[in-house]
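Participant:
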Ligand code: RFL
Ligand code: PHB
């Protein structure tokens, strides 16, 4: 059985795992990454699109900024659309901060290229990944790869294995609480080969539900539509998708350009926070520890923030100071709950709440009027706009 020894064993080669391994390498700390999917699969996942200014700074500081600077699209703000009107919220004018539109796929591609060049130890297509001896100072990871059983001994294990991973599930159930909230809607997302029809992102609340116009490059647009979580992507022909986008995003005098749809899928929305991000020798980062609905664009940014904090704490640990490592879980969770609140607020404000139960239709109609009132306030009060700007562009670490 091949046996490996490292400082930090990282489970998952999504953005969290790849970035942590890269940040540790930058500080001279050895790590091994174990991923159960193939490299092609990891590179093909589309997902997030918006980077906070702090995330851009982190990636740049770690030498991952070249393509990001060249191809990332700096946006001063966003548009909020409702009641047949589109309003610009100008973060840059309000608080002097911006966001950068640069796909998660591009971030992961850059990380994979950097690791390839550095010759990092990353096992893709690892099967039966399991973690052991978490209560000890030398935890282990086992997995099989190319028909061989492998074992890694490490000082720490980091669960960067997303919501469905094995790490969080390995914490004894009486040692962790899970706080969770599902939403009665989902996002149908598409990627289309067409130049964006807007200079910045449009978040729209329409009678028919939420719609969003985002982008990936000057040639590629990304769109989302609120759908029922039980809906099937087979029910959505390309023509039906464009029709819904035209209806929900349309405004007189503005043209939504259509193009070839190259990807479409439906994603459920949930809010989720684990009560701890550390159990003895195991740490959780990113989606393994928390999930937000995508409306506030916070998932990837939270992952980058966790990783930045944990990497700094591990560097201090190896320099003989455990203060940051001991404070990691509490500090990251405090930040995460603020992010949760913002994401929930954006989500509930911008989606049609379906009628549920006996007085459901009345409550849903009330909610809708109230949401329009909230949007009216947000787009007309400078205080509310500043608050949105501060939260969307990234709360201080
Ligand atoms: P990931 O990306 O899920 O990666 C986890 C990795 O772990 C692997 N894995 C395992 N490996 C080994 N053994 C096991 N047993 C394993 N189980 C799982 C998986 O294969 C995978 O490679 O988590 P990570 O790295 O923490 O990254 C989190 C982000 O991916 C996520 O938060 C964002 O995509 C969320 N998100 C957004 N975040 C933003 O900041 N801005 C956005 O604009 C934004 N938009 C979005 C989003 C997520 C979306 N979806 C599809 C969920 C839009 C959408 C539609
Ligand atoms: C995206 O471009 O995928 C995107 C942008 C903003 C969000 C969510 C997703 O809030």
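In this note's numbering, the protein residues as written are 228 to 624. The C-beta atom is built at its ideal place from N, Cα and C for all residues, glycine as well. Since we're looking at a predicted model, the values are computed, not measured.
Express the C-alpha separation of residue 507 and residue 298 in angstroms, rounding to a whole number.
Facilitator: Here residue 298 is taken as the residue at index 71 of the chain shown, counted from 1. Here residue 507 is taken as the residue at index 280 of the chain shown, counted from 1. One C-alpha to the other measures close to 41 Å.
Participant: Using 10 angstroms around the beta-carbon of residue 407, count the other beta-carbons present and answer buried if the total reaches 16, otherwise exposed.
Facilitator: Residue mapping note: residue 407 aligns to position 180 of the chain shown, counting from 1. Exposed is the call here.
Participant: Between the region 475-489 and the region 396-413, can you find at least three pairs of beta-carbon atoms closer than 8 Å?
Facilitator: No: fewer than three Cβ pairs fall under 8 Å.
Participant: When you compare the CB positions of residue 537 and residue 561, do they come within less than 9 Å of one another, or not?
Facilitator: Numbered from 1 along the chain shown, position 310 holds the residue referred to as residue 537. Numbered from 1 along the chain shown, position 334 holds the residue referred to as residue 561. Cβ distance not < 9 Å, so residue 537 and residue 561 don't count as in contact.
Participant: Is any non-hydrogen atom of ligand 2 found closer than 8 Å to the C-beta of residue 445, if you look at the structure I gave you?
Facilitator: The sequence position of residue 445 within the chain shown is 218, counting from 1. Incorrect: residue 445 has no Cβ contact closer than 8 Å to ligand 2.
Participant: Among the candidates 239, 542, 503 and 251, whose CA atom is the shortest distance from the CA of residue 357?
Facilitator: Against the chain shown, residue 357 aligns to sequence position 130. It is 239.
Participant: Identify whether residue 393 lies in helix, strand or coil by the three-state DSSP scheme.
Facilitator: Position 166 of the chain shown, counted from the first residue, corresponds to residue 393. Coil at residue 393, not helix or strand.
Participant: Just to confirm, does residue 239 get its C-beta within under 8 Å of one of the non-hydrogen atoms of ligand 1?
Facilitator: Locating residue 239 in the chain shown gives position 12, counting from the first residue. The answer is yes for residue 239.
Participant: By Cβ distance, which residues of its chain are closer than 7 Å to residue 494, with the 5 residues on each side in sequence left out?
Facilitator: The residue you call residue 494 lines up with position 267 of the chain shown. Cβ within range, chain order: 413, 414 and 416.
Participant: Compute the distance between the beta-carbons of residue 395 and residue 379, then report whether it is under 9 Å.
Facilitator: Counting from one through the chain shown, the residue named residue 395 turns up at place 168. Counting from one through the chain shown, the residue named residue 379 turns up at place 152. Result no, Cβ atoms of residue 395 and residue 379 do not sit closer than 9 Å.
Participant: In whole angstroms, give me the CA-to-CA distance for residue 270 and residue 589.
Facilitator: Against the chain shown, residue 270 aligns to sequence position 43. Against the chain shown, residue 589 aligns to sequence position 362. Computed Cα separation, rounded: 45 Å.
Participant: Threshold first: 4 residues or longer. Then list the alpha helix (DSSP H) segments lying entirely within the region 575-613, N to C.
Facilitator: DSSP runs (the alpha helix (DSSP H)) wholly in the region 575-613: 587-607.
Participant: I'd like to know whether the C-beta atoms of residue 500 and residue 513 end up nearer to each other than 9 Å.
Facilitator: To locate residue 500, count along the chain shown from 1; it is residue 273. To locate residue 513, count along the chain shown from 1; it is residue 286. Taking 9 Å as the Cβ cut-off, residue 500 and residue 513 do not qualify as a contacting pair.
Participant: Taking just the CA atoms, how far does residue 273 sit from residue 371?
Facilitator: One-based indexing of the chain shown puts residue 371 at position 144. One-based indexing of the chain shown puts residue 273 at position 46. If I take the Cα positions, the gap works out to 27 Å.
Participant: Return the CA-CA distance between residue 472 and residue 390, expressed in angstroms with no decimal places.
Facilitator: As a working note, residue 472 is residue 245 in the chain shown. As a working note, residue 390 is residue 163 in the chain shown. Answer to the nearest angstrom: the Cα atoms are 30 Å apart.
Participant: Quick one: residues in its chain with C-beta nearer than 6 Å to the C-beta of residue 574, no 5 flanking neighbours on either side, listed in chain order?
Facilitator: Working through the chain shown from its first residue, we reach residue 574 at position 347. The answer, listed in chain order, is 520 and 522.
Participant: In the DSSP output, what is residue 413 paired with across the bridge?
Facilitator: The residue labelled residue 413 in the question sits at position 186 within the chain shown. Paired residue(s): 454 and 495.
Participant: Looking at residue 599: is its Cβ nearer than 9 Å to the Cβ of residue 432?
Facilitator: Counting from 1 along the chain shown, the entry for residue 599 is found at position 372. Counting from 1 along the chain shown, the entry for residue 432 is found at position 205. Result yes, Cβ atoms of residue 599 and residue 432 sit closer than 9 Å.
Participant: Output the boundary residues of the alpha helix (DSSP H) element that contains residue 253.
Facilitator: Within the chain shown, numbered from 1, the residue matching residue 253 stands at position 26. Here the alpha helix (DSSP H) through residue 253 covers 242-253.
Participant: Look up residue 354 in the DSSP assignment and say whether it is helix, strand or coil.
Facilitator: Mapped onto the chain shown, residue 354 falls at position 127. Here residue 354 sits in strand by DSSP.
Participant: So what does DSSP say about residue 301, is it helix, strand or coil?
Facilitator: Position 74 of the chain shown, counted from the start, is the residue given in the question as residue 301. The answer is strand: DSSP assigns residue 301 an E or B state.
Participant: Helix, strand or coil for residue 371 per DSSP?
Facilitator: In the chain shown, residue 371 corresponds to position 144, counting from 1. Residue 371: strand per DSSP, three-state reduction.
Participant: Suppose the cutoff is 8 Å on Cβ atoms and the five residues either side in sequence are ignored; what does the same chain contact list for residue 250 look like?
Facilitator: Here residue 250 refers to the residue found at position 23 of the chain shown. 289, 534, 535 and 538, listed in sequence order.
Participant: What residue range does the beta strand (DSSP E) around residue 317 cover?
Facilitator: One-based indexing of the chain shown puts residue 317 at position 90. Its beta strand (DSSP E) spans residues 312-317.
Participant: Excluding five sequence neighbours on each side, which residues of the same chain lie with their C-beta closer than 8 Å to the C-beta of residue 393?
Facilitator: Along the chain shown, read from residue 1 onward, the residue named residue 393 stands at position 166. 238, 356, 357, 358 and 386, listed in sequence order.
Participant: Along the chain, where does the beta strand (DSSP E) containing residue 384 start, and where does it finish?
Facilitator: On the chain shown, residue 384 is found 157 positions in, with the first residue counted as 1. Residues 383-386.
Participant: Using only CA atoms, which one of 292, 253, 375 and 518 lies nearest to residue 568?
Facilitator: Mapped onto the chain shown, residue 568 falls at position 341. Of 292, 253, 375 and 518, the residue nearest in Cα terms is 518.
Participant: Is it the case that the Cβ atoms of residue 579 and residue 434 are separated by a distance below 9 Å?
Facilitator: Here the question's residue 579 lines up with position 352 in the chain shown. Here the question's residue 434 lines up with position 207 in the chain shown. In this structure, residue 434 lies closer than 9 Å to residue 579 by Cβ.
Participant: First and last residue of the alpha helix (DSSP H) that includes residue 346?
Facilitator: On the chain shown, position 119 is the one that residue 346 refers to. Residue 346 -> no alpha helix (DSSP H), and no H or E assigned at all.
Participant: Indicate whether residue 302 and residue 325 have their beta-carbon atoms separated by less than 9 Å.
Facilitator: Counted from its first residue, the chain shown places residue 302 at position 75. Counted from its first residue, the chain shown places residue 325 at position 98. In this structure, residue 325 lies closer than 9 Å to residue 302 by Cβ.
Participant: According to DSSP, simplified to helix, strand and coil, what is residue 329?
Facilitator: Residue numbering aside, residue 329 sits at position 102 when the chain shown is read from its first letter. Coil, per DSSP.
Participant: Can you name, in chain order, every residue of its own chain whose Cβ lies under 6 Å from the Cβ of residue 419, other than the five neighbours on each side?
Facilitator: As a first step, residue 419 must be located in the chain shown, where it is residue number 192. Counting only Cβ-Cβ distances below 6 Å, and skipping sequence neighbours, we find 448, 486 and 488.
Participant: Ignore the nearest five residues each way along the sequence and tell me which others in residue 550's own chain have a CB closer than 8 Å to its CB.
Facilitator: Residue mapping note: residue 550 aligns to position 323 of the chain shown, counting from 1. Counting only Cβ-Cβ distances below 8 Å, and skipping sequence neighbours, we find 543.
Participant: Note the first and the last residue of the continuous beta strand (DSSP E) segment covering residue 279.
Facilitator: Within the chain shown, numbered from 1, the residue matching residue 279 stands at position 52. 277-279 is the extent of the beta strand (DSSP E) around residue 279.
Participant: In terms of residue numbering, what span does the alpha helix (DSSP H) encompassing residue 270 cover?
Facilitator: In the chain shown, counting from the first residue as 1, residue 270 sits at position 43. Where residue 270 is concerned, the enclosing alpha helix (DSSP H) stretches over 266-271.
Participant: Considering residue 256, what are the terminal residues of the alpha helix (DSSP H) in which it resides?
Facilitator: Counted from its first residue, the chain shown places residue 256 at position 29. First-last for residue 256: undefined, no H or E at that position.
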